[in-house]
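Novice: Could you have a look at this structure, given as structure tokens, before my questions?
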Amino acid sequence: MTIKIGSLLTEYADAPLGIDTRRPRLSWKLEYEERGQLQTAYRVLVAANPRELEQDKGDMWDSGRIESGQSVHVHYEGSPLASGAHYYWKVRVWDKQNVPSEWSRASSWSMGPLDQADWLAKWIGLEVPHSDEYRPVAYLRKPLDIGKPVKRAIVHATALGLYRLFIGGRCRSAFRSIRPLPFVSRGLRARWKSAPGLTNSRPCYRGMIRRISALMT
Numbered sequence: 001m002t003i004k005i006g007s008l009l010t011e012y013a014d015a016p017l018g019i020d021t022r023r024p025r026l027s028w029k030l031e032y033e034e035r036g037q038l039q040t041a042y043r044v045l046v047a048a049n050p051r052e053l054e055q056d057k058g059d060m061w062d063s064g065r066i067e068s069g070q071s072v073h074v075h076y077e078g079s080p081l082a083s084g085a086h087y088y089w090k091v092r093v094w095d096k097q098n099v100p101s102e103w104s105r106a107s108s109w110s111m112g113p114l115d116q117a118d119w120l121a122k123w124i125g126l127e128v129p130h131s132d133e134y135r136p137v138a139y140l141r142k143p144l145d146i147g148k149p150v151k152r153a154i155v156h157a158t159a160l161g162l163y164r165l166f167i168g169g170r171c172r173s174a175f176r177s178i179r180p181l182p183f184v185s186r187g188l189r190a191r192w193k194s195a196p197g198l199t200n201s202r203p204c205y206r207g208m209i210r211r212i213s214a215l216m217t
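If you read the sequence shown in the numbering used here, its first letter stands for residue 1, the second for the next number, and so on.
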């Protein structure tokens, strides 16, 4: 075996949460045991269940053997991806002697909301005041009671201005921008009490929107 597969990246990130493209770009790093060696072909498997991947099956996408040295920006070309779903993938390659590598370790990614209809939540915010006096900071708290054991949960959030998202009293994400912000996804654990603190760098009203998806055990 002359080629080993290193880290797997999806959209430039290791196991990202909440990506918003329907054709994510997959990349992998190669380690060569001998000088002058190179990749001549690859095969990618993507599955909705990690057990499928363990059996070398890709129920979402099996690229088959592709004669190519490409190892970056390989576009996903499988079945349509669903909002909020989690996917697992791995790859193997062939060297210039046509010797296959071992399968890489499995990696994963999760999807964020892809369609406008996925955003069913209402804005969490303060009523617009009837004066020109602006308050620099707004602190909003939303306790949640799921009522069932949770295996995995993700919060999708965005806000106007500068904001920090606290979950269980701990800061999970922070953004500093006066431009419109894309949503960010963060994994949640344990108790369901989240509180975003919003701060504006210039006088305008604040607003935030969140969506939480949970997988029950």
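Where is the CB? At the ideal position from N, CA and C, for every residue including glycine.
Keep in mind it's a predicted model, so treat the numbers as computed, not measured.
Quick check: the Cα distance between S68 and A41, rounded to an integer number of angstroms?
Specialist: Walking along the sequence shown from the start, residue 68 turns up at place 68. Walking along the sequence shown from the start, residue 41 turns up at place 41. Near 5 angstroms, if we compare the C-alpha coordinates of A41 and S68.
Novice: Suppose you measure from the CA of Q97 to the CA of W28; what does that come to, to the nearest Å?
Specialist: The count along the sequence shown starts at 1 and reaches residue 97 at position 97. The count along the sequence shown starts at 1 and reaches residue 28 at position 28. Going by the C-alpha atoms only, they are around 20 angstroms apart.
Novice: Does the Cβ of P24 have 16 or more other Cβ atoms within 10 Å, making it buried, or fewer, making it exposed?
Specialist: Counting from one through the sequence shown, the residue named residue 24 turns up at place 24. When all chains shown are included, P24 counts as buried.
Novice: Answer yes or no: do W103 and K90 have a C-beta to C-beta separation smaller than 9 angstroms?
Specialist: If you number the sequence shown from 1, residue 103 lands on position 103. If you number the sequence shown from 1, residue 90 lands on position 90. Yes.
Novice: Compute the distance between the beta-carbons of V155 and I167, then report whether it is under 9 angstroms.
Specialist: For the purposes of this step, residue 155 is taken as the residue at position 155 of the sequence shown. For the purposes of this step, residue 167 is taken as the residue at position 167 of the sequence shown. In this structure, I167 lies closer than 9 angstroms to V155 by Cβ.
Novice: Considering just the uninterrupted stretch of the alpha helix (DSSP H) at E31, what are its terminal residues?
Specialist: In the sequence shown, residue 31 corresponds to position 31, counting from 1. Element bounds for E31: not the alpha helix (DSSP H) but the beta strand (DSSP E), R25 to Y32.
Novice: Who are the near neighbours of G44 in its chain, counting only those whose CB is closer than 6 angstroms to its CB and skipping five residues on each side?
Specialist: Counted from its first residue, the sequence shown places residue 44 at position 44. Correcting the residue identity first, residue 44 is Val in this sequence and not Gly. S63 and V91.
Novice: Compare the C-alpha of Q70 against each of S79, L38 and K142 and name the closest.
Specialist: Looking up residue 70 in the sequence shown gives position 70. Considering only alpha carbons, the answer is L38.
Novice: Distance, Cα to Cα, K142 vs L165?
Specialist: Numbered from its first residue, the sequence shown carries residue 142 at position 142. Numbered from its first residue, the sequence shown carries residue 165 at position 165. Looking at the backbone, the Cα of K142 and that of L165 are separated by about 11 angstroms.
Novice: Whole-angstrom Cβ separation of D95 and I3, contact assumed at under 8 angstroms?
Specialist: The sequence position of residue 95 within the sequence shown is 95, counting from 1. The sequence position of residue 3 within the sequence shown is 3, counting from 1. Confirmed, Cβ separation roughly 5 angstroms.
Novice: Find out if the Cβ-Cβ distance for the pair L8, G112 is shorter than 9 angstroms.
Specialist: For the purposes of this step, residue 8 is taken as residue 8 along the sequence shown, with counting starting at 1. For the purposes of this step, residue 112 is taken as residue 112 along the sequence shown, with counting starting at 1. No.
Novice: To the nearest angstrom, how far is it from the Cα of D14 to the Cα of S107?
Specialist: Translated into positions along the sequence shown, residue 14 becomes position 14. Translated into positions along the sequence shown, residue 107 becomes position 107. The alpha-carbon atoms of D14 and S107 are separated by roughly 8 angstroms.
Novice: Please determine, among V93, D20 and L144, the residue with the shortest C-alpha to C-alpha distance to K80.
Specialist: Here residue 80 refers to the residue found at position 80 of the sequence shown. What sits at residue 80 in the sequence shown is Pro, not Lys. Ranking V93, D20 and L144 by Cα distance to P80 puts D20 first.
Novice: Put Q37 into one of helix, strand or coil per three-state DSSP.
Specialist: If you number the sequence shown from 1, residue 37 lands on position 37. Coil, per DSSP.
Novice: Under DSSP, the beta strand (DSSP E) around R92 begins and ends at which residues?
Specialist: In the sequence shown, residue 92 corresponds to position 92, counting from 1. Per DSSP, R92 belongs to the beta strand (DSSP E) from H86 to D95.
Novice: So for G187, helix, strand or coil by DSSP?
Specialist: In the sequence shown, the residue the question calls residue 187 occupies position 187. For G187, the predicted model reports a pLDDT of 49, less than 50, meaning its position is unreliable and no value from the coordinates is stated.
Novice: Tell me where the alpha helix (DSSP H) around L53 begins and ends.
Specialist: On the sequence shown, position 53 is the one that residue 53 refers to. Residues P50 to E54.
Novice: For C171, collect the residues of the same chain with a Cβ closer than 8 angstroms to its Cβ; drop the 5 residues on either side in sequence, then sort them by chain order.
Specialist: Indexing the sequence shown from 1 puts residue 171 at position 171. Only R164 and L165 meet the Cβ criterion.
Novice: Could you spell out the range, first to last residue, of the beta strand (DSSP E) harbouring W109?
Specialist: By one-based count along the sequence shown, residue 109 stands at place 109. S107 to S110 is the span of the beta strand (DSSP E), which, as asked, contains W109.
Novice: To the nearest angstrom, how far is the alpha carbon of Y139 from that of G169?
Specialist: Here the question's residue 139 lines up with position 139 in the sequence shown. Here the question's residue 169 lines up with position 169 in the sequence shown. Computed Cα separation, rounded: 13 angstroms.
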